[in-house]
Amino acid sequence: MLKTKPFKLVVLLLLISAGASAQINIIPAPLRVKNETGYFSITESTKIQSIPEFKDVAELFAEQASLPNRKIIASSVKPALAIRFVAAKPTDSLGEEGYILNIATKEVSIKAAKPKGAFYATQSLLQLITADHKIPCGQVYDKPRFKYRGLHLDVSRNFYPLAFVKRYIDLMARYKLNTFHWHLTDDSGWRLEIKAYPRLTQNAAWREGKNWKDWRAQGEKFSEAGNPNAYGGFYTQEEAREVVQYAARRGVTVIPEIETPGHSYEVLSAYPELSCSGKENNKESDYNVAKPEVYTFLQNVLTEVMGIFPSKYIHIGGDEAGKAAWKTDPLCLALMKKEGFTDVEQLQSYFVKRIEKFIVSKGRKIIGWDEILQGGLAPEATVMSWRGVQGGIDAAKMGHDVVMTPAAFVYFDYYQADPKTEPEAIGGFVPVEKVYSYEPIPAELTPEQGKFVLGAQANLWTEYITTSEHVEYMEYPRAIALAEVTWSSKQNRNWNDFQRRMQSQYGYLQRLNVNYARPSYQVTIVPEFIYQENKAVVSILSQQSNATIYYTTDGSLPTANSKLYQGPFEVRGSQVVTAAVFAKRDLKGKPITLPIDFHKAIGRKVIYNLPFSKNYQAKKESTLTDGYRGGISYGDGIWQGIETNDLDVTIDMEASVDLNSLSIGFMQLISQGIYLPSYVKVLISDNGTDFKEVVLLNNDIPDTESQLLTKDFKFDLKGKKARYVRIVAQDKQKGYLFVDEVIVY
Ligand code: ACM
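Using this note's numbering, the letters of the sequence shown map in sequence onto residues 11 to 755.
This is how it looks when you write it as structure tokens:
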């Protein structure tokens, strides 16, 4: 007995590792997978057999898999060596989208209740076919967790050819994403033919300025089709119908978005009578919601839109309406008086409710960005929560359906790696791990309320994305992480296993010629401060599976002789952690450095003489003295926003202390209205009321510098002593200041 046991173990290990090369690796992770030994081989004699209901799916599969024999045979005969599409039994409880795959050496069987399920079975098979046309044997039982699994594409800021829109849909469907949110209209271009209003596409689909940035810089001017300097384009109704059909064949619903009542600068430029001023070149971007002709216009537009798109949902936008002109417009004021409204938010709500009534009368439903909650939600509206998760929580608690699309997790226009190594993006930081970590059902909801969460969606705004290749770069691999978040069961989600399965997906993406972002070799250093003990516990993360990471804590560059990272470690006092990924003994990624400072102000009370922004409060009063430095995203919960007013804070050092130096960090990101302060000054006091100014530093970086940048204002305070230290930073532009930490020594 004792002698044979080790032998058995060896055999078992060999079997496991032999099985590993023939594993069923599917993303998103199926509900249940059973690996078996052997392969089904696709050869000249492989037949495809299908019941009539799945014939179209079978034909598409034969095409996508480039099968040598693409003729679909009827189900009455049972050939040897076949891929067979058969009907599932009701007791298989597969629903609309579920499927069962049985892969044996002589036969592959695909069972589903509906064509969508059969289609997803084929998309799983496509991921499994090896370069030598084999499919590993095993069984898969699979169905989705969420019914809404979306990807959005903004074709207004930048126009993409029809063929690319189709490819975008084909790729998302391969990962079982099922809703394409087509953002067809926005300030910088209208992209859908509307027969009743030809100027929308004759004029507002063409602009001066090859890309969004140039257009903005050149004064946001529109042009006309055919002008030599006209950039843009639009989709004809026939082309849009082609997209709907193409998508439907792949289980994808197309939801069109027609932006209202804001983000409509292009419409008001083509039809100025719909604006508040009613004048040409009005530079307004909100419809005048008190004008009857606005409703006539939108009803006519939406009628044509609903004639093209059969989706249950019509997206009516609703985000970021400025509403400024409504405050003084006589018609708006009269409407507010008539309705008893006290603020313009109620006007937006009035507008959305009227549009909803029209759409509901046609048997459809509206979906809109979470601002449609302001002033009161329309009775049947579904909410898309983008400014965080609160909109989704509020709507679900009110019994409304929601789609979660919070910027901090699923805005794919944000950077996916260090901006210094990436093409210019709008800002933010959403690496693939962050997407993968997203849980669509907020913890604040009860299980009953959680059922209103239909699913999640990633958004791609294209201000900085001028080519189709760049779209793919921003989407992949992040869209694959989103697919697993929305399709796979919560217990089947595991980052390490996902990274392992991704290794074969990279090959699949390459075969499909997808311009995906290659996984980064860069590390992310994450400290967790334990203030009472004057220490931090530091984790070092990487996108590579089982990365070899070496690090130092003395400011020197790591080498293969430095400490090997084997898990979170402690850092005491003030130290500098520098880490990098290595391949064997060679440096692979750029070393990343994070100073961890236990300075004199850590944990000290901060009094706000002027408030911080409600939307970007970070850790409220503890933000500036918690030891954390912000990253490259102003929405990371470490950067605190100061909105329209100056920063004016007093730090209570609890006793009169000797001061040496003070530094305070700010960010600038002009595209988001975030500016460095024009000056920062430090004042000191011993009683907290009478302050004496000690130093003032002017900003020396121009406010035209469009790249994301951060700046520490550094003050020499040698010889000064005080209990209260006050810092005032001027917000000259009346936009945002973003500040992360005050460091005092
Ligand atoms: C949005 O990102 N403005 C919906």
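Note that CB positions come from ideal geometry on N, CA and C, so glycine has one too.
| Asked | Found |
| --- | --- |
| Taking the straight line between their C-alpha atoms, what separation do you get for Ser31 and Ser514? | Low local confidence applies: a pLDDT of 46 at Ser31 is under 50, so the model's placement there is unreliable, with the coordinate-based value given in what follows. About 11 Å. |
| Between the region 390-399 and the region 344-351, do at least 3 Cβ pairs fall closer than 8 Å? | no |
| Which term fits Glu703, buried or exposed, when burial requires 16 or more other beta carbons within 10 angstroms of its beta carbon? | exposed |
| Is Trp222 near the ligand ACM, with its Cβ less than 6 Å from a heavy atom? | no |
| Confirm, please, whether the CB-CB distance from Asp329 to Glu381 is below 7 Å. | yes |
| Should the region 94-103 be regarded as contacting the region 115-127, the criterion being three or more beta carbon pairs within less than 8 Å? | yes |
| What is the chain-ordered set of residues for which the beta carbon lies under 6 Å from any non-hydrogen atom of the ligand ACM? | Asp329, Glu330, Trp379 and Trp396 |
| Between the C-alpha atoms of Glu432 and Lys231, what's the straight-line distance to the nearest angstrom? | 29 Å |
| Sort Tyr130, Ser623, Lys691 and Glu294 by Cα distance to Ala335 and report the nearest one. | Glu294 |
| Determine the burial state of Glu267: buried for a count of at least 16 other Cβ atoms within 10 Å of its Cβ, exposed for fewer. | buried |
| If distances are taken between C-alpha atoms only, which option among Ala628, Gln59 and Gln678 comes closest to Ile711? | Gln678 |
| Alpha carbon to alpha carbon, how far is Leu574 from Ser549? | 13 Å |
| Do the region 182-200 and the region 257-273 meet, that is, are 3 or more Cβ pairs less than 8 Å apart? | yes |
| Could you give the DSSP three-state label for Ser395: helix, strand or coil? | strand |
| Count the other C-beta atoms from every protein chain shown that fall within 10 angstroms of the C-beta of Leu747, then say buried if there are 16 or more, exposed otherwise. | buried |
| Is Tyr446 near Trp505, with beta carbons less than 7 Å apart? | yes |
| From His143 to Arg226, what distance separates their C-alpha atoms? | 51 Å |
| So Gln585 is in the beta strand (DSSP E); what residue range does that whole segment cover? | Gln585 to Ala593 |
| Is Leu24 helix, strand or coil when you go by DSSP? | Residue confidence for Leu24 is low, a pLDDT of 35 falling below 50, so the modelled location carries little weight; the figure read from the coordinates is stated next. Here Leu24 sits in helix by DSSP. |
| Taking the C-alpha atoms as reference points, what is the distance between Tyr151 and Ala131? | 10 Å |
| I'd like the span of the alpha helix (DSSP H) that includes Glu349, first residue to last. | Pro340 to Glu349 |
| Checking 7 Å against the spacing of the C-beta atoms, do Ile10 and Thr660 come in under that value? | The structure shown does not extend to residue 10, since the chain is modelled only from 11 through 755, so no value can be given for it. |
| Give every residue of the same chain whose Cβ lies closer than 6 Å to the Cβ of Lys121, excluding the five residues on either side of it in the sequence, and list them in chain order. | Val96, Ala98 and Ile110 |
| Rounded to whole angstroms, how far is the Cβ of Ile34 from the Cβ of Gly148, which I believe are closer than 8 Å? | 5 Å |
| Quick one: which unbroken beta strand (DSSP E) runs of 3-plus residues sit fully inside the region 246-280? Chain order, please. | 263-270 |
| Buried or exposed, going by whether 16 or more other CB atoms sit within 10 Å of the CB of Gln358? | buried |
| Rounded to whole angstroms, what is the Cα-Cα separation between Phe64 and Gly437? | 45 Å |
| Could you tell me the boundaries of the alpha helix (DSSP H) in which Phe368 lies? | Val354 to Ser371 |
| Quick one: grab the DSSP three-state call for Pro100. | helix |
| Take Phe439 and list the residues in its own chain whose beta-carbon comes closer than 7 Å to its own, dropping the five residues that flank it on each side. | Tyr424, Tyr425, Gly641, Ile642, Ser643 and Asp646 |
| Would you kindly work out how many angstroms separate the C-alpha atoms of Leu308 and Tyr207, rounded to a whole number? | 11 Å |
| Could you check where the alpha helix (DSSP H) with Val704 kicks off and where it finishes? | Where Val704 is concerned, there is no enclosing alpha helix (DSSP H), although the beta strand (DSSP E) it sits in stretches over Lys702 to Asn708. |
| From this set, Ile535, Tyr531 and Val587, which residue's C-alpha is nearest Asn556's C-alpha? | Tyr531 |
| Under the criterion of a Cβ to heavy atom distance below 6 Å, does Tyr109 qualify as lining the ligand GDP? | What this structure holds is the ligand ACM, not the ligand GDP. |
| Using alpha carbons as the reference points, say which of Gln542, His609 and Leu312 lies closest to Gly373. | Leu312 |
| Rounded to whole angstroms, what is the Cα-Cα separation between Leu4 and Glu580? | The requested residue 4 is not part of the displayed model; the chain covers only 11 to 755. |
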